[in-house]
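Asker: Quick one: this structure, given as structure tokens, is what I'll be asking you about.
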Amino acid sequence: MVEKSTKIVFLGAGSMSFGISMFSDVFSDPDLAGATLTLVDTNPDILQRMADLARFLNRKTGGRVKVEQTVDRRAALDGASFVLNAIAIDRNRLWKLDFEVPKKHGIRHTLGENGGPGGLFFTLRTLPLIFDIARDIEELCPHALFINLSNPESRIILALGKHTRVQAVGFCHGIFMGQGAVANVMGLPFEDVEVWGAGLNHFQCLMQVRHRRTGQDLYPLLREKEKGFDPAFHPLTRKLFRAFGYWMTCSDDHLGEHIAYGWEGGEHGYDFAGDERGRDGLKEMIEQILAGTRPEPEHWTRPSGERAVAMIMGVLMNRHSFVEAGVVYNRGAIPNLPSDLAVETPVVADAAGIHPVSLGPLPDPVAKLLMPAAGVQQLAVEAAVHASKELALQALLIDPVVNSSDAAAKILDELWPVNAPYIRKCV
Numbered sequence: 020m021v022e023k024s025t026k027i028v029f030l031g032a033g034s035m036s037f038g039i040s041m042f043s044d045v046f047s048d049p050d051l052a053g054a055t056l057t058l059v060d061t062n063p064d065i066l067q068r069m070a071d072l073a074r075f076l077n078r079k080t081g082g083r084v085k086v087e088q089t090v091d092r093r094a095a096l097d098g099a100s101f102v103l104n105a106i107a108i109d110r111n112r113l114w115k116l117d118f119e120v121p122k123k124h125g126i127r128h129t130l131g132e133n134g135g136p137g138g139l140f141f142t143l144r145t146l147p148l149i150f151d152i153a154r155d156i157e158e159l160c161p162h163a164l165f166i167n168l169s170n171p172e173s174r175i176i177l178a179l180g181k182h183t184r185v186q187a188v189g190f191c192h193g194i195f196m197g198q199g200a201v202a203n204v205m206g207l208p209f210e211d212v213e214v215w216g217a218g219l220n221h222f223q224c225l226m227q228v229r230h231r232r233t234g235q236d237l238y239p240l241l242r243e244k245e246k247g248f249d250p251a252f253h254p255l256t257r258k259l260f261r262a263f264g265y266w267m268t269c270s271d272d273h274l275g276e277h278i279a280y281g282w283e284g285g286e287h288g289y290d291f292a293g294d295e296r297g298r299d300g301l302k303e304m305i306e307q308i309l310a311g312t313r314p315e316p317e318h319w320t321r322p323s324g325e326r327a328v329a330m331i332m333g334v335l336m337n338r339h340s341f342v343e344a345g346v347v348y349n350r351g352a353i354p355n356l357p358s359d360l361a362v363e364t365p366v367v368a369d370a371a372g373i374h375p376v377s378l379g380p381l382p383d384p385v386a387k388l389l390m391p392a393a394g395v396q397q398l399a400v401e402a403a404v405h406a407s408k409e410l411a412l413q414a415l416l417i418d419p420v421v422n423s424s425d426a427a428a429k430i431l432d433e434l435w436p437v438n439a440p441y442i443r444k445c446v
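Right under this line is the structure:
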């Protein structure tokens, strides 16, 4: 059982998808009995609904955790042990512009989220808020671990690692998407396949693919099975696989954000309409559950498989918890990528903090494949922290997704004013 002083603050608790998985993990772990979960969101109505759901699920699992809610971030952070971040600024409206405006100017891209012009503007509007949170943490809970669950994942962790004293780690399920993809190709159960990956978030190289029980190297089987597999399955990923000899995560649209020919994996963009329908459906489900007219899904009261709470318990209980992939400030974890970069590697958590597990250098051609995206991320972060339109243009001009200097200037002129209310100097 943890100390009663343990306080977990969840910023952006109005996020229904992250919220439900977080509640499942926190409330189902008996060792968190006595801890406090403080929910924070700027929208009081959404916050109230998620707080009601949290208290409902907490009662269902024994009521071991104290649940609080507030719109006052600083009050919540005072004395926190862990800070979970799931915030997003006007997510779908601005993301849709991030995708549509570059396309209007001739940019061929896949998602407009973590790479290309969209990744730049996502960074410009998000980092000032992240720095506000970081300064509050430095003042009010300087020993807290900041666990990031939001995009742009790599740029947030890079900015915090380079410009703050906050201990931070990010988590993404991309490694498991890669595991599922190779298991599918080989015709093996997901749980029988073990992967070891390193690289950038959404652009990892699976350094090893093995059978979980026997340790057998499965790359020969993967290479053989891939030859005759459904050609519609991850065609861009498979072109890279044949060229470089390694499977890259985590999907054509995600890794395609970082390379000039990424659009070959599809230019459909994100399904915003489907996302909104899903959110409406989930909202209705929550309201029915709270009204007692519908039972909660069984999986809402057992561990979700997400890794944030595993990291929390690794630190609290000194469990040396292993997680297959965490986003960390490099500092040599991947020696042939820049040290001042956010990278994704396996990590271990214990009472001393978060420790990257180095798999050694990436294969040299793979490292060179990642380097353009690394430079773009570095320059985009500097543009954001300095609120510099000049650096923003430079970040566009070095981005392999951008195929025209004229288009870069037009995109910047159109999207800078849209994001101007959020852009300001951070350092």
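Those letters in the sequence shown? Residues 20 to 446, by my numbering. We treat Cβ as the ideally placed atom computed from N, Cα and C, and that holds for glycine.
From what residue to what residue does the beta strand (DSSP E) around T55 run?
Answerer: Start at 1 with the first residue of the sequence shown, and residue 55 comes out as number 36. T55 to V59 is the span of the beta strand (DSSP E), which, as asked, contains T55.
Asker: Out of A361, V212 and R184, point me to the one whose CA is closest to L237's CA.
Answerer: Here residue 237 is taken as the residue at index 218 of the sequence shown, counted from 1. Nearest C-alpha to L237: V212.
Asker: Any chance you could list the beta strand (DSSP E) runs of at least 3 consecutive residues sitting entirely within the segment 360-439, in chain order?
Answerer: Counting only runs of 3 or more, we get 361-369 and 372-375.
Asker: Would you call the segment 319-327 and the segment 141-148 touching, i.e. three or more CB-CB distances under 8 Å?
Answerer: Short answer: they don't touch.
Asker: What's the C-alpha gap between L113 and N438?
Answerer: Along the sequence shown, read from residue 1 onward, the residue named residue 113 stands at position 94. Along the sequence shown, read from residue 1 onward, the residue named residue 438 stands at position 419. For L113 and N438, the distance between alpha carbons rounds to 8 Å.
Asker: Can you tell me whether A344 is helix, strand or coil according to DSSP?
Answerer: The sequence position of residue 344 within the sequence shown is 325, counting from 1. The answer is strand: DSSP assigns A344 an E or B state.
Asker: Hey, R109 and G137: beta-carbon distance below 7 Å or not?
Answerer: Taking the sequence shown and counting its residues from 1, the one referred to as residue 109 is at position 90. Taking the sequence shown and counting its residues from 1, the one referred to as residue 137 is at position 118. In the sequence as presented, Arg is not what sits at residue 109; that position holds Asp. No.
Asker: With a CB to CB cut of under 6 Å and the five nearest residues on each side skipped, what residues in its chain are close to E172?
Answerer: In the sequence shown, the residue the question calls residue 172 occupies position 153. If we look at E172 and ignore the five residues flanking it on each side, its Cβ neighbours are G189, C191, N220 and V346.
Asker: Residues bridged to I305 by DSSP?
Answerer: Locating residue 305 in the sequence shown gives position 286, where the first residue counts as 1. For I305, which the question treats as bridged, DSSP gives no partner whatsoever.
Asker: Can the beta-carbon of P380 be found less than 7 Å from the beta-carbon of P357?
Answerer: Within the sequence shown, numbered from 1, the residue matching residue 380 stands at position 361. Within the sequence shown, numbered from 1, the residue matching residue 357 stands at position 338. Cβ atoms of P380 and P357: not closer than 7 Å.
Asker: Can you check which of these residues, Y441, V28 and P391, is closest to G218 by C-alpha distance?
Answerer: Locating residue 218 in the sequence shown gives position 199, where the first residue counts as 1. Looking at the Cα atoms, P391 is the closest of the given residues.
Asker: Which of helix, strand or coil does DSSP assign to D236?
Answerer: In the sequence shown, the residue the question calls residue 236 occupies position 217. Correct three-state label for D236: strand.
Asker: Need the endpoints of the alpha helix (DSSP H) that T145 sits in, please.
Answerer: The residue you call residue 145 lines up with position 126 of the sequence shown. Residues G135 to L159.
Asker: Thinking E315 and I308 are a contact (beta carbons under 8 Å), I'd like their distance in whole angstroms, please.
Answerer: One-based indexing of the sequence shown puts residue 315 at position 296. One-based indexing of the sequence shown puts residue 308 at position 289. With a Cβ gap of about 5 Å, E315 and I308 count as contacting.
Asker: Is A105 near L168, with beta carbons less than 7 Å apart?
Answerer: Residue 105 sits at position 86 when you count from the first residue of the sequence shown. Residue 168 sits at position 149 when you count from the first residue of the sequence shown. A contact, by the Cβ cut-off of 7 Å.
Asker: For V446, count neighbouring C-beta atoms within 10 Å of its own C-beta (all shown protein chains included) and say buried if the count is 16 or more, exposed if not.
Answerer: On the sequence shown, position 427 is the one that residue 446 refers to. Exposed.
Asker: Return the Cβ separation of G134 and V420 in integer angstroms, given the expectation that the two are a contact with Cβ distance under 8 Å.
Answerer: Within the sequence shown, numbered from 1, the residue matching residue 134 stands at position 115. Within the sequence shown, numbered from 1, the residue matching residue 420 stands at position 401. The pair is a contact, with the Cβ atoms about 6 Å apart (cut-off 8 Å).
Asker: Using the Cα positions of A489 and L434, report the straight-line distance between them to the nearest angstrom.
Answerer: Outside the displayed range of the chain (20 to 446) lies residue 489, so it cannot be described from this structure.
Asker: Could you pull the DSSP bridge partners for T312 from this structure?
Answerer: The residue labelled residue 312 in the question sits at position 293 within the sequence shown. According to DSSP, which records beta bridges pairwise, T312 is partnered with nothing at all.
Asker: Could you tell me which residues DSSP pairs with C224 in its beta bridges?
Answerer: Here residue 224 corresponds to residue number 205 of the sequence shown, with the count starting at 1. Answer is A217 and M267, bridged to C224.
Asker: State the DSSP-derived secondary structure class of G125, mapped to helix, strand or coil.
Answerer: One-based indexing of the sequence shown puts residue 125 at position 106. Residue state, collapsed to three classes: coil.
Asker: I need the straight-line Cα distance from A361 to H162, nearest angstrom please.
Answerer: For the purposes of this step, residue 361 is taken as residue 342 along the sequence shown, with counting starting at 1. For the purposes of this step, residue 162 is taken as residue 143 along the sequence shown, with counting starting at 1. Roughly 21 Å between the two C-alpha positions.
Asker: Thinking just about the alpha-carbon of each residue, which of P382, A327, V90 and M304 is nearest to the one in M35?
Answerer: Residue 35 sits at position 16 when you count from the first residue of the sequence shown. Among P382, A327, V90 and M304, the Cα nearest to that of M35 belongs to M304.
Asker: Quick check on Y348: buried or exposed, where buried means 16 or more other Cβ atoms within 10 Å of its Cβ?
Answerer: Counted from its first residue, the sequence shown places residue 348 at position 329. Burial call: buried.
Asker: Can you check which of these residues, I331, L335 and T364, is closest to A344 by C-alpha distance?
Answerer: Translated into positions along the sequence shown, residue 344 becomes position 325. A344 has its Cα closest to that of T364, out of I331, L335 and T364.
Asker: My output table needs one value for A352: the three-state DSSP class, helix, strand or coil.
Answerer: Here residue 352 corresponds to residue number 333 of the sequence shown, with the count starting at 1. Coil at A352, not helix or strand.
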